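Notes follow once the structure below has been shown.
Numbering (full-length UniProt numbering), first residue to last: 1 to 159.
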């Protein structure tokens with residue numbers, strides 16, 4: 001009888017672990033939830049959702065974060081959305097993407113301050129890899145976003 005209980009408990013644990021959503025499933029669920037907000041992008045790595053893009057105002061930014069946080073499997077949220085400038089002409093609102101050589105230099109200056117983090121820049125896409133402490137992730141992501149890359153691909157492991 002005791003053996004059956006142990007076996008049942010182990011089966012239940014395995015079933016619960018296997019039901020855990022993976023990053024791709026979490027990203028898909030977030031994308032479906034935010035389908036009317038093309039100005040917002042969300043990437044997920046190890047359950048950490050990183051929000052990038054442009055938010056209309058602070059309330060919109062907080063609502064997006066709340067929506068992302070509510071998706072099953074999201075462990076934490078890094079919200080690096082920039083606020084849109086009020087009263088700006090549409091032509092002036094175009095996003096400026098730094099060329100790779102300039103972006104590469106600037107990104108490396110930022111990343112050099114974070115031990116264990118490495119970076120590559122290809123086609124305006126900044127790919128972060130390595131390990132970082134949770135409290136260091138948001139400042140790093142904000143600093144990278146300020147450099148105006150096309151996209152940030154966060155492949156960092158949280159320590």
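Virtual Cβ for every residue (Gly too), placed ideally from N, Cα, C. Nothing here was measured: the structure is a model prediction, and the numbers come from that model.
- In the DSSP assignment, residue 153 falls within the beta strand (DSSP E) that extends over 151–158.
- Nearest Cα to residue 21 within the set 100, 108, 114 and 44: 44.
- Taking C-alpha positions only, residue 127 is separated from residue 30 by approximately 21 angstroms.
- The alpha-carbon of residue 69 is positioned some 28 angstroms away from that of residue 107.
- Counting C-beta atoms within 10 angstroms of its own C-beta, residue 83 has fewer than 16 neighbours from the protein chains shown and is therefore classed as exposed.
- Residue environment: residue 32 is assigned as exposed (fewer than 16 neighbouring CB atoms within 10 Å of its CB, all protein chains considered).
- Nearest neighbour of residue 81 by Cα position, chosen from 64, 74 and 136, turns out to be 64.
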